[in-house]
Ligand SMILES: NC(=O)c1ccc[n+]([C@@H]2O[C@H](COP(=O)([O-])OP(=O)(O)OC[C@H]3O[C@@H](n4cnc5c(N)ncnc54)[C@H](OP(=O)(O)O)[C@@H]3O)[C@@H](O)[C@H]2O)c1
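In the numbering used here, the protein residues as written are 3 to 336.
Here it is as structure tokens:
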């Protein structure tokens, strides 16, 4: 296989990284049984941190970022996969420990691969990506822990982001009333309502008090922010409600008390998509290609860019100005 284009991040100095396009051969990539010709990838918050160097996501250098990829098998030493098979990988430590999807070819572990489900195109799998997979993982865990629409509305924070946007769509589709708590109220209301939000609430205007238990308002919550926002949710979710803790866009800290847990039976559910057990992973993708397929996937894809446009698009994501999902066309094959 001849050389191909890859976006690789180097660390020329201890606390400085640099992302640049290079021509490399497949032997420069981390080991794996399957080489995939990448058709599509996307941008997740983590990818933006890795490319811009704003967060320590990559575990060694040089490294190809990109925690998601979809494409066709080029070569395989694993009997489960043959050249031409349509496949995808989300998480499983690609774009962190191993080289990821921001290149024309990727070499990955066979165990990390999911066959493209029949109900989705390769492009649609990357419109969903880790962001949508994670939102669906949260829905799955909350339903397993008896979250039901009759318990009250679901508060979704960071709803204009990748995870949040798909969460709004999924929870609405699952029969819940959805309250989108956003920092972009007034600017993104039409977008959020089109996805299924019943109410759009300005995060800055929320004043729910600081007592360990405040007036209970939401049946459950999906939180992408952490920090003060997650603490507020613990104080305001109704008895037996679940809060799926997904992200830290605001802060990695959490200051709360045990009161919501011992006096309201509230559950804080951890969501860790990277190392999601394979059986759950397959089940979630099967749901996402069928009953849970986002209804407004095309609305969620607000930008489609090329590999060359990735560095600038990652800067935009970190600046918090992006709404929805950014798709990256690599070879662009369906
Ligand atoms: N646990 C997991 O397995 C997992 C998987 C995927 C992602 N994540 C994490 O989940 C979070 C969301 O990921 P994403 O890909 O959806 O990111 P994203 O597309 O950048 O969306 C994050 C959203 O959070 C809000 N936000 C951004 N910066 C903020 C700040 N400084 N303070 C308060 N709100 C802010 C914005 O929404 P509004 O303007 O609408 O408020 C933004 O759209 C990230 O922390 C990411 O690392 C975790």
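We put the beta carbon where it would ideally sit given N, CA and C, even for glycine.
- Annotation for residue 91: the continuous beta strand (DSSP E) segment containing it runs 88-92.
- When the Cα atoms are used, residue 271 and residue 158 turn out to be separated by approximately 14 Å.
- For residue 148 and residue 120, the gap between their C-alpha atoms comes out near 29 Å.
- When the Cα atoms are used, residue 273 and residue 247 turn out to be separated by approximately 6 Å.
- DSSP lists no bridge partner for residue 197.
- Setting aside the 5 residues that flank it on each side, residue 200 is surrounded in the same chain by 179 and 180, each with a C-beta closer than 6 Å to its C-beta; the list follows chain order.
- Sorting 118, 105 and 101 by C-alpha distance to the C-alpha of residue 111 places 101 at the top.
- Nearest to residue 213 by C-alpha distance, out of 194, 234, 193 and 330, is 234.
- In the DSSP annotation of this structure, residue 238 is not part of any beta strand (DSSP E); the continuous alpha helix (DSSP H) holding it starts and ends at 229-238.
- Not a single unbroken stretch of the alpha helix (DSSP H) spanning 4 or more residues falls wholly within the segment 49-112.
- Within the chosen limit of 7 Å, ligand 1 reaches the beta carbon of residue 47 through at least one heavy atom.
- Residue nearest to residue 47 within the set 23, 262 and 133 is 133 (criterion: CA-CA distance).
- Taking all protein chains shown into account, residue 4 has fewer than 16 neighbouring C-beta atoms within 10 Å of its C-beta and is therefore exposed.
- Collapsing the DSSP output to three states places residue 126 in a helix.
- Cβ neighbours of residue 259 within its own chain (closer than 6 Å, five residues either side excluded): 214.
- The closest CA to that of residue 104, considering only 24, 229, 163 and 18, is found on 24.
- Residue nearest to residue 99 within the set 69, 175, 144 and 84 is 69 (criterion: CA-CA distance).
- Exposure of residue 17 is indicated by the presence of fewer than 16 other C-beta atoms within 10 angstroms of its C-beta.
- Residue range 299-302 is occupied by the alpha helix (DSSP H) that includes residue 300.
- Remark: C-beta atoms of residue 108 and residue 170 do not approach each other more closely than 8 Å.
- Counting along the chain, residue 264 sits inside the alpha helix (DSSP H) bounded by residues 261-265.
- Residue 255 counts as exposed, since fewer than 16 other C-beta atoms from the protein chains shown sit within 10 angstroms of its C-beta.
- One alpha carbon belongs to residue 145, the other to residue 266, and they sit about 18 Å apart.
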